[in-house]
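Residue numbers (our numbering), protein chains in the order written: chain A, 1 to 244; chain B, 245 to 488.
Protein chains: 2
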Amino acid sequence: MPKFFVGRESIDGDRALITGDDAGHIVRVLRKSPGDEIILCDGEGRDYHCRVLSIDGGVLCEITGSFESSSEPDVDVGVFLAFTKGERLELAIQKCVELGAAALYPFPSARCVARYGPAELVKKAERWQRIADEASKQSMRARPPAVRPLSSFEDMLEGALKYSRRVILYEMEKDMPLREAIGGDFGSIALITGPEGGFEEKEIEAARKAAITPVTIGKRILRAETAPICALAAVMYQTGNLGG
Amino acid sequence: MPKFFVGRESIDGDRALITGDDAGHIVRVLRKSPGDEIILCDGEGRDYHCRVLSIDGGVLCEITGSFESSSEPDVDVGVFLAFTKGERLELAIQKCVELGAAALYPFPSARCVARYGPAELVKKAERWQRIADEASKQSMRARPPAVRPLSSFEDMLEGALKYSRRVILYEMEKDMPLREAIGGDFGSIALITGPEGGFEEKEIEAARKAAITPVTIGKRILRAETAPICALAAVMYQTGNLGG
């Protein structure tokens with residue numbers, strides 16, 4: 001049954017009224033007509049099973065049942081993303097939210113080209129959170145993950161500590177594949193990825209001392225924004241949360 | 245050792261001279277200086293192990309050895325992408341090339357919003373191939389994968405036949421997870437993904453008749469451009485080609 005996001009304001013008692021572009025999508029793209037069933041999702045943790053009543057002047061539905069959303073993964077992944085140039089970080093945030101990241105932590109590292117003063121970082125944080133909120137709704141997440149920028153590499157090391165497993169993607173690492181580092185059971189994992197120029201060796205040494213495992217994700221060189229998406233897809237696949 | 249793409253014209257006998265932005269990146273971002281070692285990759289299948297000789301007026305290197313590139317995955321994945329709105333398809337092509345797709349086949353399906361006449365498709369094909377070439381170089385692929393647009397859904401079904409395993413991502417599929425469909429050994433796989441509105445039921449029926457397996461990649465709804473990237477990451481992870 002097609003699942004479709006609507007704002008909470010579209011739902012009133014046992015009725016839902018969807019207007020505008022959303023209604024157009026349901027009628028013209030999904031080709032729904034009276035009698036058809038759809039699931040509406042309010043982006044705040046609930047799914048509504050509905051039957052379409054009419055499609056004139058918006059799509060009017062009868063709500064036949066409402067349920068706690070089951071779309072959240074059963075693994076708690078925190079993705080720590082080194083600052084990359086504007087659009088790249090935004091793309092990584094959007095895709096990581098779609099894939100089910102529980103929290104996102106942008107942070108500065110030595111080779112970051114993008115650098116932000118405190119005031120600028122506050123503004124950026126708002127923008128990143130909006131992107132996460134939007135992606136969360138679009139992908140029917142039960143609730144949007146928080147984006148929490150960190151102001152130093154050391155804060156990143158400390159923030160990662162609250163995750164039971166911790167890996168840092170490092171292109172110079174040859175011996176420890178991601179698969180080996182994420183085998184077995186774990187409840188939570190910190191996934192740490194670098195900027196365009198990669199991490200410096202001394203950063204990796206500091207990570208090692210903080211009990212974070214440097215890992216490789218293979219022989220091809222992935223762009224800074226592609227690496228976290230792929231590593232997260234691998235973690236979700238490994239834990240049965242991506243077609244598993 | 246950092247691996248770095250350069251055009252073939254930078255290489256002359258046992259010397260390589262890198263100028264412009266690339267030289268700036270090596271000196272200022274990677275902080276290489278005379279005596280340091282780097283690997284240059286020509287995007288045509290060869291890697292060159294080099295020692296930096298000087299960094300004035302471009303980075304001059306001595307080539308100490310050259311090797312057949314080992315960056316290609318050992319699985320042949322053809323990614324069949326339904327037309328999606330401009331930027332989305334371009335992003336999917338870029339990321340699938342980074343991840344190691346062997347060939348990309350954009351194709352039309354019933355709910356595609358994006359539609360192209362024959363002349364427009366030829367122009368689009370050129371643009372998509374340029375994007376693939378660029379991504380191939382950036383990710384140090386041995387050689388760029390071909391982008392071959394198909395003009396009908398039926399051509400897609402036929403094109404998929406040359407792959408030994410064939411899956412189509414379908415959001416209504418609940419019983420067959422991607423993991424089950426891609427378990428065991430296989431030499432080649434066709435990965436087929438839909439447009440923004442998903443596939444129609446009759447398209448899935450036609451795919452089934454063509455011995456293509458409908459699969460689910462989980463409970464979250466991925467955008468049209470995110471699904472192929474994540475499914476390909478899963479295939480690469482499964483086959484030991486992504487940190488495996």
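Ideal placement from N, C-alpha and C gives every residue a C-beta, glycine not left out.
Annotated three-state conformation of Ala404 of chain B is helix, per DSSP. Burial is judged here by how many other beta carbons sit within 10 angstroms of a residue's own beta carbon; Ser314 of chain B has fewer than 16 and is exposed. Using a CB distance cut-off of 7 Å, Gly45 of chain A does not count as an interface residue toward chain B.
Taking CB atoms only, Thr216 of chain A has a neighbour in chain B less than 7 Å away. Secondary structure at Ser395 of chain B: coil, using DSSP grouped into helix, strand and coil. Residue state for Gly78 of chain A is assigned as strand, using DSSP reduced to three classes. Assignment of beta-bridge partners to Ala190 of chain A by DSSP yields A:Gly78 and A:Arg166.
Taking a beta-carbon distance threshold of 7 Å, Val59 of chain A does not count as an interface residue toward chain B. If you draw a 10 Å sphere on the C-beta of Leu161 of chain A, you find fewer than 16 other C-beta atoms in it, and that means exposed.
Where Asp291 of chain B is concerned, the enclosing beta strand (DSSP E) starts and stops at Arg290 to Ser298. Neighbourhood of Glu98 of chain A in chain B, by CB distance below 7 Å: Arg464, Leu466, Arg467 and Thr470, in chain order.
Judged by their CB atoms, Val147 of chain A and Leu81 of chain A are not nearer to each other than the 7 Å cut-off. Neighbours of Ser315 of chain B across chain A, judged by C-beta separation under 7 Å: Lys219 and Arg220. Taken through DSSP and simplified to helix, strand or coil, Val459 of chain B comes out as strand.
Around the CB of Ser109 of chain A, 16 or more other CB atoms lie within 10 Å, so the residue is classed as buried.
7 Å or more divides the Cβ of Val250 of chain B from the Cβ of Val479 of chain B. By the neighbour-count definition (other C-beta atoms within 10 Å, threshold 16), Pro195 of chain A is a buried residue. In this structure, the alpha-carbon of Leu99 of chain A lies about 11 Å from that of Ala231 of chain A. In this model, Tyr116 of chain A and Phe186 of chain A are separated by some 34 Å (Cα to Cα). In the structure shown, Val303 of chain B falls within a strand segment according to DSSP collapsed to helix, strand and coil. Shown here for Cys96 of chain A: same chain residues with a beta carbon closer than 7 Å to its own, the five before and five after excluded, namely Val79, Leu104, Pro228, Ile229 and Leu232 in chain order.
In the structure shown, Ile465 of chain B adopts coil according to DSSP, grouped into three states. Among the residues of the stretch 230 to 243 of chain A, those with a Cβ less than 8 Å away from any Cβ of chain B are Cys230, Ala231, Ala233, Ala234, Met236, Tyr237, Gln238, Gly240, Asn241, Leu242 and Gly243, in the order of the chain. Look at Cys230 of chain A here: in three-state DSSP terms it is helix.
Scanning A:Pro118, A:Asp42, A:Met176 and A:Trp128 for the CA closest to the CA of Ser66 of chain A turns up A:Asp42. In chain order, Tyr170 and Pro214 place their CB closer than 6 Å to the CB of Ile204 of chain A, counting only its own chain and leaving out the 5 sequence neighbours on each side.
Boundaries of the beta strand (DSSP E) harbouring Ile39 of chain A: Glu37 to Cys41, taken from the DSSP string. The alpha-carbon separation between Ser151 of chain A and Ala181 of chain A amounts to approximately 27 Å. With 16 or more other Cβ atoms inside 10 Å of its own Cβ, Ala92 of chain A counts as buried. Between the alpha carbons of Leu304 of chain B and Gln482 of chain B lies a gap of roughly 41 Å.
For Leu261 of chain B, the CB contacts under 7 Å within the same chain, skipping 5 residues up- and downstream, are Ser254, Gly302 and Leu304 in chain order. The alpha-carbon separation between Ser277 of chain B and Ser380 of chain B amounts to approximately 27 Å. Under the three-state reduction of DSSP output, Tyr481 of chain B falls in the helix class. Taking the C-beta atoms as reference points, Phe4 of chain A is found nearer than 7 Å to Ile38 of chain A.
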